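One structure is given here, and the rest of the page talks about it.
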Amino acid sequence: MKTGIHPEYTTTEVTCSCGNTFETKSTAGGSLRVEVCSACHPFYTGKQKILDTGGRVARFEKRYGKKK
């Protein structure tokens, strides 16, 4: 394998808009700012909402009947 063709892999500080910071390894270097992290994303916090857009579930159940 050729030497010197790969970028340096350094420790990078990631800062979220919620204020959470953590360190990771990256070739980007310096620091990164992200909008969403595992501390504030609804999927990870358990505050995820399931949306029934336009009553599609009710429409499906009405059309095909609800299975028991």
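Numbering (the working numbering), first residue to last: 30 to 97. Don't be surprised by glycine CBs; every beta carbon is placed ideally from N, CA and C. Note that the coordinates shown come from a computational prediction; the quantities given were computed from them, not determined experimentally.
Tell me whether residue i sits in a helix, a strand or coil according to DSSP, three-state version.
| i | result |
| --- | --- |
| Lys-91 | helix |
| Val-43 | strand |
| Thr-32 | coil |
| Thr-56 | coil |
| Val-86 | helix |
| Val-65 | coil |
Skipping 5 residues on each side, what residues in its chain have a beta carbon closer than 8 Å to that of residue i?
| i | result |
| --- | --- |
| Glu-64 | Cys-45, Ser-46 |
| Lys-54 | Tyr-38, Thr-39, Thr-40, Thr-41 |
Have a look at the options and flag the residue whose alpha-carbon is nearest the alpha-carbon of residue i.
| i | options | result |
| --- | --- | --- |
| Thr-40 | Gly-75, Gly-59, His-70, Lys-91 | Gly-59 |
| His-70 | Ala-87, Gly-48, Phe-89 | Gly-48 |
To the nearest whole angstrom, what separates the beta carbons of residue i and residue j, a pair I think is in contact under 8 Å?
| i | j | result |
| --- | --- | --- |
| Glu-37 | Thr-56 | 7 Å |
So the alpha helix (DSSP H) residue i belongs to, where does it begin and stop?
| i | result |
| --- | --- |
| Tyr-73 | 71-74 |
Which same chain residues, not among the five before or five after residue i, have their C-beta less than 6 Å away from its C-beta?
| i | result |
| --- | --- |
| Gly-33 | none |
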